[in-house]
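Report on the following structure.
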Amino acid sequence: MVKFGVLGPVVAEDDRGAIDLRGPRHRAVLARLLIARGRVVPVGMLVDDLWEVPPDGAVGAVQSFVATLRRALEPGRAPRTPARLLVTESPGYALRAEFVDAWQFEAAVAESGDLLAHGRAEDALAHLQAALDSWRGPAYSEFAEEHWARAEVTRLGELRLLAVERRAEAGLAMGRAPAVAADMRAHVSEHPWREHAWQLLAVALYQAGRQRDALEALRTAKAALVAELGVDPGPDLRRLEADILAQAPRLSATPSAAPALEPVVAERRLVGRDRELGQLTAAAAEAADRREFRLALVAGEPGAGKTALVEALVRELAAAGWITAWGRNPEHEGAPATWPWIQLLDGLAAVTNIPVPDVFAGADDAVAARFHARRRVVSHISAVAAERPVLLVLDDLHRADEETLAQLTALIGEPVHRPVLLVGTYRSTELSPGLAEVLGRSAGSEPARIYLGGLDRAEVGELARAAAQREVPEEVAQIIHARSGGNPFFARELARLFDTDGDATLHAVPAGVRDVVRQRLNALPGPARTVLRQAAVIGDDVDIDLLTGTEEAVLDAVDAAVLLGFLVESGSRLRFAHALVRDTVHAEVSGPRRSHWHAKAAEALERIRPDDVEAIAHHFLLAGTTATAGRAAHYAALAAQRAERRFAPHEAARLWEAAIAAHDRSGATDPRSRLDLVMGLVRALAITGDLAAARVHRAEAITAAEALGDAESTARVIGAFDVPGIWTTNDDPAMSEQVVAVTERTLAAVPEHLVAERARLLGTLAMELRGTGSDRGREAAAEAVALARRLHDPELLAFALNGRFMHTFDRAGLAPERAQTGRELVELAADRGLVTFEVLGHLILLQAHSALAEFGVADRHAAAADELAERHELPLVAVFTRWYAAVRDAAAGRVAEAEAGYRAAAARLGGTGMWGVERGTLPLALLCLRIQEDRPSAVDLAADWGPFLPWVRPLGLLDAGDRDAAVAAARAIPESPPDLLREARLCLTATTAVRLGDQAMMEQTYAALEPAAAELAGAGSGLLTAGPVAHHLEKLATGLGRSHAAQRNHRRAAEIARKARR
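Counting from 1, one number per residue, gives the positions in the sequence shown under the UniProt record's numbering.
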């Protein structure tokens, strides 16, 4: 668990120790999110908070800060898995922290109030001392003057002062008056305007036998308040002075803290209602300060937590010395009229010595009796409140009888002039006419009105953990939040279901929730229930146009459902209040009826909103009949294409699969239409990272297309696979040979005037012939780029540029040329919204600038690629950026970090489907790291070196002492494939040549490597590096006896190494 500290400079630590939070702006982002206490901070707000005048690229900088913080806070997070701590949530970011020292401090101060109230001063003192010891300096010390931090810094500072004063109270209760006097003397000298602190100092001095000093302290306080603020001391200080002069017996006990003078900290056991509890405590403070009646009204739907909120208020005010009483309106008939008021009066009698009056005494008739009864209740409450402030709670006012509401009206109309807070709770979905009238009449008294909406995602997670009494994974908390709509009761029931039955039941409806919803359903008229069931079948959002029945009947049903809280209005839209409500209603509809209603909804949408292809496809697919299957396939394909355009590849893949299944179910016999659907699926699967499935479907589609004997159809199928590629080795050579053969035949048959089709076929040839060294692939790439430029087709040009990139590895030292291609791709793709090609461009630039040891630039492209990948669900991008992070460490000389990074990145390669990367890359990276550091190669030939074995075998044999075999193996080293690791292989050959002293091999390798003298060997792959190429050229030149060349390369290697370590 990551622990955050803000009571001093902002710090973080985990089980391994302190976490490096990087620079001041990284720390500012973290501090800003901590102050938000789990709530989302929009990106625009972060920009405004970080800079007085935001620079160009400020949003990108914030994204970079966040990415760096995520790596620091969750170093072990698997690629493409959602962040657990620093999460992205529209329109910005949130920090889901579990431990913050300030929060622990608040909880300890709150607990100390309870402990003092229950006479446990020793425990309170221990809590407070430990809490105060957690302060390392001013809160958020490096940001205390920032406008966004001031309020929180002030709040925590005030809370610390409260803790100091409560520690004094505990000390007095334990008979430690001299020590308390010394502490309070220092405290008031720093904070001379805190009256309660002066009160504690005076009592401590008095209890220490220093009556004269106590009186002098009170006079000093009075003089300071009058001279500096122009106000007289409050009643507590004035009363204390009189009591000291009279040597009142009560001074032998500790004075209670004045609740109106200091903030009260809410217990954190009440989840997600800090703001609402603060509103209630503010109303209580106002009642106490002004010594007058205040009304607060708490509304919300069933299960929103109204009672829990007020219970927390009762605990808090009781601990502060308030008299509290509670009256509940009964759910069932049979209770006498005004039953809640009877409960309230009995509750007051239980904690005071004031007898309850006979409220009906002396009445002449019924009307007069009610009048006098109400007056006597008001008078009694006033008498009780003369002693101490009073909190009255009337729970569930939506069930209140007329007499109960009449008594409430009497109290509102003729309020007592005493410190009384009356809190009423009611369901906003079950407002009775009588209560509506009372609420209208209460407007003149300006009550505090609080509506309890749903909890946010973080709060639901906290509630779920409390309900399950164990850790709840973030993804489970997200599901609970989505299905409960943030309703605390629903969320708690789901969490308990998860705790007992596991996450497989998260999409079920808990029995308790189901019973509550069914009970409420019975309150709807029969026709309204039918309309609500149809709405549940149609979806979470209720489209009135799709509901069957007369317009008036549908509107009546909707009105009834809104009034009872089944549906809620959101702007101009209607939706179910909770997924659990909808699921419960939906479960009451039979399968055939659901199918029929889905078909009817789809047909209605075809008429009124024909462009809403996603909704039409959804309903036709769920109708699931043979009669509707053809239309389901058609609309699902249209929806899949739209998903591709808005870059939702997972959604597109789901829709393509559904379209194929519907097409097959319809009995359609046109193979061309099915091929189009299959190639759509292939594209989507490749983008989502399911490369193995994409390969299988693509091979089958190409074979089927050629069998049709239609060159144009075949060209369309081949050209449909325009997914970007970064790795320069084909992972399935046999399939590539098949695709090349079919493509060449198709190209020969396609007419010259079909320029776009020919360009795509040429681009496909370039992609499939990558890594072969074929002139045909290079020529095809050049021709495809020329045709695409002629057509002014950005998407086609991006695909063609990808093909050209694949053929820029014919010799060493071509990183600058690849950088040029990458820049054009980024500019082109960003301008046209071609996200996958924009990511490709950033990865190419990452590789090229790594090769040139320009890691500052490479870092920016890595962050940009990661940001796009996270936003658009591109799982394979992290494969490269994780390897790049290790390369960064290796180039900077951080050997241990680089080795750990290589191993971690390799551990996540399994299952990616990247066959050309998985085998041999880790041992090769570790070998290059040793070679870079001029350490013994220590090659283990038993390891899986994959395709790199021919270049490694000579070194392994030399390490084993078998020189003759090493010489034979060196002579068998093949020409390096034209790919991303050409320079790395050449450096391995250089190492072998130098160790063997093979002049001819050294000469040949020197000539091959020299064009890359300004690069880092292998870094152009983004996967590994063997250090500066110039370092290897220096060794070769030395072996060849070329001292001037060796010196020149030595200087060049040192400069590149320095550049890489910046």
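Yeah, the Cβ is synthetic: ideal placement off N, Cα and C, and Gly gets one too.
Once DSSP output is grouped into helix, strand and coil, what is the label at residue i?
i, result
"Thr-728", "coil"
"Arg-575", "strand"
"Glu-262", "Because the pLDDT of Glu-262 is 31, which lies under 50, any placement of that residue in the model is unreliable, and the question is left without a value."
"Leu-555", "helix"
"Gly-334", "Legend: pLDDT at Gly-334 = 46, less than 50; position of this residue unreliable, no value from coordinates given."
"Gly-920", "coil"
"Ile-412", "helix"
"Val-750", "coil"
"Gly-327", "strand"
"Ala-970", "helix"
"Glu-145", "coil"
"Gly-113", "helix"
Express the C-alpha separation of residue j and residue i in angstroms, rounding to a whole number.
i, j, result
"Leu-95", "Val-542", "34 Å"
"residue 1068", "His-634", "Nothing can be reported for residue 1068: it is not among the residues displayed for the chain, which extend from 1 to 1062."
"Val-390", "Arg-120", "24 Å"
"Lys-306", "Phe-566", "19 Å"
"Ala-604", "Ile-660", "24 Å"
"Gly-667", "Met-767", "36 Å"
"Arg-930", "Ala-741", "43 Å"
"Ala-863", "Ala-67", "7 Å"
"Leu-1016", "Ser-850", "7 Å"
"Arg-760", "Thr-703", "18 Å"
"Arg-375", "Val-271", "39 Å"
"Trp-410", "Ala-385", "Note that residue 410 is Ala in the sequence shown here, rather than Trp. One C-alpha to the other measures close to 17 Å."
"Pro-419", "Ser-428", "28 Å"
"Glu-267", "Gly-38", "The pLDDT assigned to Glu-267 is 36, lower than 50, so where the model puts this residue is not dependable; a value taken from the coordinates is nonetheless given after this. Roughly 17 Å between the two C-alpha positions."
"Gly-1041", "Ala-990", "15 Å"
Which partner residues of residue i appear in the DSSP bridge assignment?
i, result
"Tyr-451", "Ala-299"
"Gly-424", "Leu-297 and Leu-394"
"Ala-1012", "Per DSSP, none; premise fails for Ala-1012."
"residue 1076", "Look at the range of the chain in this structure, 1 to 1062, and you will see that residue 1076 is not part of it."
"Tyr-93", "Val-41 and Thr-88"
"Asp-541", "Arg-575"
"Asp-14", "Gly-17"
"Glu-437", "DSSP, once it has assigned bridges, lists no residue as partnering Glu-437."
"Leu-34", "The partner list for Leu-34 (beta bridge, DSSP) is empty, contrary to what the question assumes."
Give me the Cβ distance between residue i and residue j, rounded to the nearest whole Å; I'm assuming they're in contact under 8 Å.
i, j, result
"Ala-149", "Phe-143", "4 Å"
"Ala-632", "Ala-652", "Wrong, their Cβ atoms sit about 16 Å apart, outside the cutoff."
"Leu-452", "Ala-491", "The Cβ separation is near 13 Å, so there is no contact."
"Ala-848", "Gly-719", "Not quite, the Cβ-Cβ distance comes to about 28 Å (not below 8 Å), so this is no contact."
"Ala-287", "Leu-421", "5 Å"
"Gly-777", "Leu-765", "6 Å"
"Ala-12", "Ile-19", "4 Å"
"Leu-621", "Ala-636", "6 Å"
"His-481", "Arg-465", "13 Å between Cβ atoms; not a contact."
"Ala-83", "Arg-70", "5 Å"
"Leu-1033", "Ala-1013", "6 Å"
"Phe-293", "Val-416", "5 Å"
Below 8 Å CB to CB, which residues in the same chain sit around residue i once its five sequence neighbours on both sides are set aside?
i, result
"Ile-544", "Val-554, Leu-555, Val-558 and Leu-574"
"Gly-303", "Asn-487, Pro-488, Phe-489, Phe-490 and Val-516"
"Leu-435", "Leu-397, His-398, Ala-400, Leu-405 and Tyr-426"
"residue 1063", "Nothing in the structure corresponds to residue 1063, since the chain is present only between 1 and 1062."
"residue 1063", "Missing from the structure shown is residue 1063; the chain here goes from 1 to 1062 and no further."
For the ligand GTP, I want to know if residue i counts as a neighbour, meaning its beta carbon is within less than 6 Å of at least one of the ligand's heavy atoms.
i, result
"Phe-576", "The ligand GTP is absent from the structure shown, which contains no ligands of any kind."
With a threshold of 7 Å on Cβ separation, who are the neighbours of residue i within its own chain once the five nearest residues in sequence on each side are excluded?
i, result
"Glu-854", "none"
"Glu-430", "His-398"
"Leu-201", "Ala-181, Met-184, Arg-185, Val-188 and Ala-217"
"Ala-1053", "Pro-1028, Ala-1030, His-1031 and Glu-1034"
Between residue i and the rest of its own chain, which residues show a CB-CB distance below 6 Å, the 5 nearest in sequence each way excluded?
i, result
"Gly-763", "Ala-784, Phe-799, Ala-800 and Gly-803"
"Ala-31", "Val-10, Tyr-140 and Phe-143"
"His-807", "Gly-777, Arg-778 and Ala-781"
Check whether chain C comes within 7 Å of residue i, counting only Cβ atoms and requiring the distance to be less than that.
i, result
"Thr-626", "Absent here is chain C; the protein component of the structure consists of one chain."
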